[in-house]
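Participant: Just so you know, the protein sequences line up as chains G and Y, in that order. In terms of our numbering, the first sequence opens at residue 1 and continues consecutively. In terms of our numbering, the second sequence opens at residue 319 and continues consecutively. First the structure, then my questions, so here it is.
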Amino acid sequence: MDKLLQKLIPPVSVSGNEAAISKVIAALGRKYGEISTDHLGNLVIHKPGMGRRIMLAAHMDTIGLMVSHVDQEGFARFQPVGGLRLAPLLGQRVRFEGGGVGVVCADRDVKPEDLKPEVMYVDLFGQSVRVGETAVFYGEPLFFGSSVVSPYLDNRLGCAVCLKALELLSHTDNEIFCVFTVQEEVGLRGAGPAAYSISPDLAIAVDICGLADCPGEDRPNSLTISGGPVIKLMDARVLCHQTVIDLLERAGRDLNLTTQRYVTKRGGTDAGAIFNTRGGVPSGVLSIPIRYTHTPNEIADLRVAEQCAALLAKAIAY
Amino acid sequence: MRQTLKTLCGLFGPSGCEDAVRAWLRGQLEPLADQILEDPAGNLLVYKKGAKHLRHTVLLSAYMDEPGLIVREIEDDGFLRFAPVGSADCRYLPGKKVLLGSSGIPGILGMKPIHLTSKEERQTIPKTKELYIDVGARSKEEAEKLVPLGTYGCFASEPLELSDQLLCAKALPGRAGCAVLLELAKQALPVDTWFAFTVQHRIGSKGAFGAAFRIKPDLALILDGYPAGVCPDKANAPCLQPGSGPVIAYMDHSALYDRSLTALLEGVAREKEIPFQPGVWRRTDTEARGIQRSLGGCKAAVLGLTVRDPDSPLGCCSVADVLAMKSLAEGFLAKLEDNYG
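Here it is as structure tokens:
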């Protein structure tokens, strides 16, 4: 898993601009099936079979920022792409798709509570970028024991889990479409069209979920970082289909894994878009628990990610 | 182009009631098209063969509707209460003349006379529900005969030319796109092309969804208007200005546009030495919402016209920008064969 992450974290692929990560995943996934890409850039690894048509969806885009204007002194103004949190962005290094590096700052007179994109800028110290160019947090994965600290575990860790599951997959009659989707972070825009083209019998979104097992008064869930794979029941965009919940929990039991159930009113994953495609697709979500979502330092337990991969491989083979 | 644009902008077509625009366009396009159809939503879909047939289906789209209003209540004394339609900017309404229904019944928007208002009222824009339309009826019955409940209305506004550069009219963001598409359809085309003149864009690209489902495009170029002055809040950032060239957008509220098609447009602009304004913002919406993600999705780019006061009775655009849009769209079609043949 750590070797996969070392390859999957670096590509700069903000929503709408997934070519770089797509290329890396295609190279890693070629051995598992036939590769194709649709008009929006969704990457599909197709493993033929006569059984059920199962779609896996892991989004490969990340949040980031896009240059909206470069002023005369060379400071770049930007707009967020996806749910970029502004406070953790301040003071960070960012890496541009063209190779440039910059530092995110706020105008001198801005108070922390008044942060908004319009009063922030990227100091490029003499480098040039173009309007429309995107940038991501500058950072590489660090591994400590079974923990990983890295930007963009959301959702490169989900991508890694899918690739690992394809590796672990034993013989199955099921027809598998493992889709690495685009534009999830800007509103689940890629998964729906992918599901339309595939027309699956069943779909599982593989994504991270945010945790509350860290200091703070408000404790909206009881998930823990090492507590095992998370099987989602509900979020703001979907009520997971019972057949998918059952499938994932059965795989957990068969592998003697502890799993965690998750009910939330917030957020959404690709399952939300896939569910409503065509005549409706029974959809569910397998989540990998992480801390500090959408910050430069997301943290996950790789043992849980390995368990997720094993569980997924089991579930799609039934 | 100038005349086409003026004619189109003069037509009555609030969202949901685009019949007059569609009928006029259809009349113009009948002799030019290889196939022409109106779908159940009211979109006008026009197919014209070009020199080459591409493996990919190409769609150019623009919308026919404009902001307007709908009569929602008739008072006993014959005054009409209304609701805005298609995100009409009601700040522009007080004191204006409007046309109601396809027969164009004139009405005026009155408000409380100045000597009855408080100082505070004089300094604020009246709420839409405080405004009323006077069609000259003396009773509810009389008004109902003229303009039954549910009648649509839009600004009564004749296009106006300011200097030889600027053209002012209502309905510019959508109709400028329609004018460009119509002028393109009059020419020999490099590739087979579908043109979609859509309905109900302004209430959430309702028409575009249906058009995309029917045409099943692989490549789409969406024409739209962008408000002048859209820019980051900083004083030193350049705003979109009429006359500075068409807008090529990378991102807006509705979509992240396809990189390859955007690059193609930029390439055409550089080759033809047409200035363009790059666009990155989060607040405007184009028909990409309906087209880019319908069915299995398609590659979409947007070509925009900068319009000052786009939702007012006299929005303002540069004729040179409209001509440049046509030239870019033309170049775009010509390049498709090399890239997507």
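Think of the CB as a built atom: it goes at the ideal place given N, C-alpha and C, for glycine as much as any other residue.
Tell me which residue opens and which closes the beta strand (DSSP E) that Y/Ala351 is part of.
Facilitator: Residue mapping note: residue 351 of chain Y aligns to position 33 of the second sequence, counting from 1. Taken as a continuous stretch (DSSP letters only), Y/Ala351 belongs to no beta strand (DSSP E), as it is neither H nor E.
Participant: CA-CA distance, G/Tyr138 and Y/Glu439?
Facilitator: As a first step, residue 138 of chain G is located in the first sequence; it is residue number 138 there, counting from the start. As a first step, residue 439 of chain Y is located in the second sequence; it is residue number 121 there, counting from the start. Cα to Cα, the separation comes out at about 53 angstroms.
Participant: Report, in whole angstroms, the separation of the C-beta atoms of G/Val285 and G/Asp207, which I expect to be a contact under 8 angstroms.
Facilitator: If you number the first sequence from 1, residue 285 of chain G lands on position 285. If you number the first sequence from 1, residue 207 of chain G lands on position 207. Confirmed, about 6 angstroms.
Participant: Mind checking which residues open and close the alpha helix (DSSP H) that includes G/Cys162?
Facilitator: Numbered from 1 along the first sequence, position 162 holds the residue referred to as residue 162 of chain G. Here the alpha helix (DSSP H) through G/Cys162 covers Leu153 to Leu168.
Participant: When DSSP builds the beta bridges, which residues end up paired with Y/Arg340?
Facilitator: Position 22 of the second sequence, counted from the first residue, corresponds to residue 340 of chain Y. DSSP lists no partner for Y/Arg340.
Participant: Kindly indicate which three-state DSSP category Y/Pro358 falls into: helix, strand or coil?
Facilitator: Looking up residue 358 of chain Y in the second sequence gives position 40. Residue state, collapsed to three classes: coil.
Participant: Would you say G/Gly272 faces chain Y, with C-beta separation under 7 angstroms as the test?
Facilitator: Along the first sequence, one-based indexing puts residue 272 of chain G at 272. By this cut-off, G/Gly272 is not an interface position.
Participant: Report the CB separation of Y/Val620 from Y/Asp542 in whole angstroms; it is logged as a contact under 8 angstroms.
Facilitator: Within the second sequence, numbered from 1, the residue matching residue 620 of chain Y stands at position 302. Within the second sequence, numbered from 1, the residue matching residue 542 of chain Y stands at position 224. Rounded, the Cβ-Cβ distance is 6 angstroms, consistent with contact.
Participant: If contact is defined by three or more beta carbon pairs under 8 angstroms, each pair taking one atom from either stretch, is the region 629 to 645 of chain Y in contact with the region 479 to 491 of chain Y?
Facilitator: Counting Cβ pairs under 8 angstroms, three or more are found: they touch.
Participant: Apart from the five residues on each side of it in sequence, which residues of its chain come closer than 7 angstroms, Cβ to Cβ, to Y/Ala567?
Facilitator: If you number the second sequence from 1, residue 567 of chain Y lands on position 249. Taken in chain order, the residues that qualify are Tyr575, Gly597, Val620 and Gly622.
Participant: Helix, strand or coil for G/Arg66? Go by DSSP, reduced to three states.
Facilitator: For the purposes of this step, residue 66 of chain G is identified with residue 66 of the first sequence, where counting begins at 1. Per the sequence shown, residue 66 of chain G should be read as Met rather than Arg. Residue state, collapsed to three classes: strand.
Participant: Does G/Gln6 come out as helix, strand or coil in the three-state DSSP assignment?
Facilitator: Along the first sequence, one-based indexing puts residue 6 of chain G at 6. G/Gln6: helix per DSSP, three-state reduction.
Participant: Where does Y/Gly413 land, buried or exposed, given buried means 16+ other C-beta within 10 angstroms?
Facilitator: By 1-based counting over the second sequence, the position of residue 413 of chain Y is 95. Under this definition Y/Gly413 is an exposed residue.
Participant: Am I right that G/Thr295 and G/Arg85 are in contact with their C-beta atoms under 8 angstroms? What's the rounded C-beta distance?
Facilitator: Residue mapping note: residue 295 of chain G aligns to position 295 of the first sequence, counting from 1. Residue mapping note: residue 85 of chain G aligns to position 85 of the first sequence, counting from 1. So it is a contact: roughly 7 angstroms between Cβ atoms.
Participant: Using a C-beta to C-beta distance shorter than 7 angstroms, which residues of chain Y count as neighbours of G/Asn17?
Facilitator: Within the first sequence, numbered from 1, the residue matching residue 17 of chain G stands at position 17. What G/Asn17 touches in chain Y: Arg577.
Participant: Is the region 577 to 590 of chain Y close to the region 134 to 154 of chain G, with three or more CB pairs under 8 angstroms?
Facilitator: No, because fewer than three Cβ pairs between the region 577 to 590 of chain Y and the region 134 to 154 of chain G fall closer than 8 angstroms, the two stretches do not touch.
Participant: Could you tell me the boundaries of the alpha helix (DSSP H) in which G/Glu18 lies?
Facilitator: Translated into positions along the first sequence, residue 18 of chain G becomes position 18. Careful: G/Glu18 lies outside any alpha helix (DSSP H) and carries neither H nor E.
Participant: Measuring alpha carbon to alpha carbon, tell me which of Y/Thr469, Y/Asp407 and Y/Gly585 ends up nearest Y/Ser420.
Facilitator: Indexing the second sequence from 1 puts residue 420 of chain Y at position 102. For the residues Y/Thr469, Y/Asp407 and Y/Gly585, the minimum Cα distance to Y/Ser420 belongs to Y/Thr469.
Participant: Name the DSSP beta bridge partners of Y/Pro596, please?
Facilitator: Residue mapping note: residue 596 of chain Y aligns to position 278 of the second sequence, counting from 1. Per DSSP, Y/Ile566.
Participant: Which same chain residues end up closer than 7 angstroms to Y/Lys367 when comparing Cβ atoms and leaving out the 5 residues on each side of it in sequence?
Facilitator: Here residue 367 of chain Y refers to the residue found at position 49 of the second sequence. Once the five neighbours on either side are set aside, the close Cβ partners of Y/Lys367 are Asp352 and Asp510.
Participant: Tell me the DSSP bridge mates of Y/Met429?
Facilitator: Numbered from 1 along the second sequence, position 111 holds the residue referred to as residue 429 of chain Y. Answer is none; Y/Met429 lacks a bridge partner.
Participant: Would you kindly work out how many angstroms separate the C-alpha atoms of G/Val238 and Y/Ile521, rounded to a whole number?
Facilitator: By one-based count along the first sequence, residue 238 of chain G stands at place 238. By one-based count along the second sequence, residue 521 of chain Y stands at place 203. Cα to Cα, G/Val238 sits roughly 25 angstroms from Y/Ile521.
Participant: If you measure beta-carbon to beta-carbon, which residues of the region 38 to 57 of chain G are closer than 9 angstroms to chain Y?
Facilitator: Result list: Asp38, His39, Leu40, Gly41 and Asn42.
Participant: Just by C-beta distance, which residues in the region 594 to 611 of chain Y are closer than 8 angstroms to chain G?
Facilitator: Listed by position, the residues of the region 594 to 611 of chain Y near chain G (Cβ gap below 8 angstroms) are Pro596, Val598, Trp599, Arg600, Gln610 and Arg611.
Participant: What's the C-alpha gap between Y/Leu323 and Y/Ala497?
Facilitator: Taking the second sequence and counting its residues from 1, the one referred to as residue 323 of chain Y is at position 5. Taking the second sequence and counting its residues from 1, the one referred to as residue 497 of chain Y is at position 179. Each residue's Cα considered, the two are about 6 angstroms apart.
Participant: When you compare only the Cα positions, how much space is there between Y/Val416 and Y/Leu583?
Facilitator: Residue mapping note: residue 416 of chain Y aligns to position 98 of the second sequence, counting from 1. Residue mapping note: residue 583 of chain Y aligns to position 265 of the second sequence, counting from 1. Approximately 39 angstroms, taken between the alpha carbons.
Participant: Thinking C-alpha only, which one of G/Ile245, G/Val101 and G/Ile225 is nearest G/Val148?
Facilitator: As a working note, residue 148 of chain G is residue 148 in the first sequence. When only C-alpha atoms are compared, the closest one is G/Ile225.
Participant: In three-state DSSP terms, what is G/Gln307?
Facilitator: The count along the first sequence starts at 1 and reaches residue 307 of chain G at position 307. In the structure shown, G/Gln307 sits in a helix (DSSP, three-state: H, G or I).
Participant: In this structure, does DSSP put Y/Glu501 in helix, strand or coil?
Facilitator: Residue 501 of chain Y sits at position 183 when you count from the first residue of the second sequence. Residue state, collapsed to three classes: helix.
Participant: Can you pull the chain Y neighbours of G/Arg189, defined as C-beta to C-beta under 7 angstroms?
Facilitator: To locate residue 189 of chain G, count along the first sequence from 1; it is residue 189. Simply Arg611.
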